[in-house]
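Reviewing the structure listed below.
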Amino acid sequence: MTVSTDIVNFSVVERFSLFLKSRRLAHAYFFLGPKGIGKLETALAVSKLVNCENLKEGMFCDECSVCVKINNGNHPDIHVLEDDGESIKIENIRTLISSIQLRSFEARTKVFLIQNAERLTIEASNALLKTLEEPSRGSLIILTTSMPEHLLATIRSRCQVVHFFSLANASAKKELIERQRCEEGMSHFLAHFSDGCLGNMDQDYQGIFDRKNKAINEFIFEEDSEAYFKTILSDKDMMRESMRFLFLWFKDLMMIKNGVPQQYLANIDRVSDLKYFEKRYCFKNIEEVLSDIIMTQKAVDENFNVKVPLAIIKEKIWKK
Ligand SMILES: [Zn+2]
107 MTVSTDIVNF SVVERFSLFL KSRRLAHAYF FLGPKGIGKL ETALAVSKLV NCENLKEGMF
167 CDECSVCVKI NNGNHPDIHV LEDDGESIKI ENIRTLISSI QLRSFEARTK VFLIQNAERL
227 TIEASNALLK TLEEPSRGSL IILTTSMPEH LLATIRSRCQ VVHFFSLANA SAKKELIERQ
287 RCEEGMSHFL AHFSDGCLGN MDQDYQGIFD RKNKAINEFI FEEDSEAYFK TILSDKDMMR
347 ESMRFLFLWF KDLMMIKNGV PQQYLANIDR VSDLKYFEKR YCFKNIEEVL SDIIMTQKAV
407 DENFNVKVPL AIIKEKIWKK
């Protein structure tokens, strides 16, 4: 594997340079942000930074033997857990832990990169947890994910979180406000809903926004949603869309719990509702609902009847 430097987030690398200078480098970081935004590339740049033999004004040189080896993917102390699309199993983590315990070959700081950490099985997460609790000197662990809600809260809480935010969302929002004359809250939501790519969604912006609020009202605020459920159950596209609305809502709740600033939420048009509900749910409740939503989405795709899963989601939301 060779490293592309095009999408390295240099403001993150500079932050690490400051940590290094002030000796505040933690032993585990958690890079969180959308797919394709350069989390792995930035993590590799950080690996160069903490090991470069010829730092220039606090930045790696990209020319010394260490930097070159990392760029070519053959540095013996930089371990990247390759993502093969499968879950990350306990065996993978055990191998990693045994390398953490070994003396490094040549690096000042051994680096362990775990991509798509949401794929860690429960067993693997628990094995990793112990290492995160008792860090070994001279090693740095970086986990990356675009789905933080799928990661055990205990893992998250033992790492320093570094957020990577999509610039695409901001420009999509600007486009909606300036050219389409959509109002702020609606533009903000639609930018998130489309993942910053307006071409991903239908042009009936007001319609989508109204359906979003209808879905939230039905799931969260109305005690009896029978009629609404009947409608979405009869239309696969509506069902999918409705699950995505609900997913974004619970993802927002999770972000609020994690102290993420308000501008990064999808539903800024309903922040007071979110804040009110955030207090009613613990991490575990939110994680449960999110995983039920994901299972239901999968079931819809496989043409299963999701009447029962839908009722279960509603019940979990309402059980308090
Ligand atoms: Zn170098």
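So the sequence shown is numbered by the working numbering: it starts at 107 and just counts up by one. Just so it is clear, CB atoms sit at the ideal spot from N, CA and C, and this is done for glycine as well.
Coarse secondary structure for residue i, derived from DSSP in three states
{"i": "Thr237", "result": "helix"}
{"i": "Ile113", "result": "coil"}
{"i": "Val366", "result": "coil"}
{"i": "Thr337", "result": "helix"}
{"i": "Thr251", "result": "strand"}
{"i": "Gln286", "result": "coil"}
{"i": "Val118", "result": "helix"}
{"i": "Ser245", "result": "strand"}
{"i": "Phe137", "result": "strand"}
{"i": "Leu131", "result": "coil"}
{"i": "Val186", "result": "strand"}
Through-space distance from residue j to residue i, alpha-carbon basis
{"i": "His133", "j": "Ala233", "result": "16 Å"}
{"i": "Thr250", "j": "Leu146", "result": "7 Å"}
{"i": "Glu239", "j": "Phe389", "result": "20 Å"}
{"i": "Ser153", "j": "Asn177", "result": "10 Å"}
{"i": "Phe356", "j": "Lys175", "result": "42 Å"}
{"i": "Asn409", "j": "Gln403", "result": "10 Å"}
{"i": "Met361", "j": "Leu371", "result": "7 Å"}
{"i": "Phe353", "j": "Ala213", "result": "42 Å"}
{"i": "Leu155", "j": "Leu161", "result": "7 Å"}
{"i": "Lys420", "j": "Phe325", "result": "6 Å"}
{"i": "Glu328", "j": "Gln368", "result": "25 Å"}
{"i": "Ala274", "j": "Ala297", "result": "8 Å"}
{"i": "Thr337", "j": "Asp407", "result": "17 Å"}
{"i": "Ser378", "j": "Val118", "result": "31 Å"}
{"i": "Lys363", "j": "Phe218", "result": "28 Å"}
{"i": "Ser210", "j": "Ile248", "result": "17 Å"}
{"i": "Ile423", "j": "Glu384", "result": "12 Å"}
{"i": "Phe270", "j": "Glu188", "result": "21 Å"}
{"i": "Leu359", "j": "Leu282", "result": "25 Å"}
{"i": "Asn391", "j": "Asn180", "result": "43 Å"}
{"i": "Asp183", "j": "Tyr387", "result": "42 Å"}
{"i": "Arg350", "j": "Gln286", "result": "23 Å"}
{"i": "Lys216", "j": "Asp190", "result": "23 Å"}
{"i": "Ser130", "j": "Val114", "result": "One point to set straight first is that residue 130 is Arg, not Ser, in the sequence displayed. If I take the Cα positions, the gap works out to 22 Å."}
{"i": "Ile314", "j": "Glu347", "result": "9 Å"}
{"i": "Ala223", "j": "Ala151", "result": "19 Å"}
{"i": "Lys84", "j": "Gln221", "result": "In this structure the chain extends from 107 to 426, so residue 84 is not present and cannot be described."}
{"i": "Glu284", "j": "Glu290", "result": "10 Å"}
{"i": "Cys381", "j": "Phe295", "result": "The sequence shown places Lys at residue 381, rather than the Cys named in the question. Taking the straight line from one Cα to the other gives about 17 Å."}
{"i": "Gln266", "j": "Cys158", "result": "23 Å"}
Check: residue i C-beta below 7 Å from any heavy atom of ligand 1
{"i": "Glu169", "result": "yes"}
{"i": "Phe166", "result": "yes"}
{"i": "Glu147", "result": "no"}
{"i": "Asn160", "result": "yes"}
{"i": "Lys175", "result": "no"}
{"i": "Val395", "result": "no"}
{"i": "Val119", "result": "no"}
{"i": "Val172", "result": "yes"}
{"i": "Lys381", "result": "no"}
{"i": "Lys154", "result": "yes"}
- Query: Do the region 253-265 and the region 332-344 meet, that is, are 3 or more Cβ pairs less than 8 Å apart?
  - Reply: no
- Entirely within the region 142-179 and at least 3 residues each: give me those beta strand (DSSP E) ranges in chain order. none
- Task: Would you check if the region 191-211 and the region 221-228 touch, i.e. whether three or more CB-CB distances between them fall below 8 Å?
- Result: Yes, they touch.
- Answer yes if the region 154-166 comes into contact with the region 118-126, meaning at least three C-beta pairs across the two stretches below 8 Å, and no otherwise. yes
- Is it a yes or a no for the region 243-258 touching the region 390-399, going by three-plus beta-carbon pairs under 8 Å? yes
- Query: Mind pulling the alpha helix (DSSP H) runs of 4 or more residues that sit fully within the region 195-225?
  - Reply: 196-207
- Message: Would you call the region 203-210 in contact with the region 137-145, where contact means no fewer than 3 C-beta pairs closer than 8 Å?
- Response: no
- Query: Below 8 Å, can you find three or more Cβ-Cβ pairs linking the region 298-314 to the region 271-290?
  - Reply: As far as the Cβ criterion goes, the region 298-314 touches the region 271-290, which means the pair count is three or higher.
- Inside the region 268-333 only - alpha helix (DSSP H) runs reaching at least 4 residues: Correct list: 273-284, 290-299 and 311-322.
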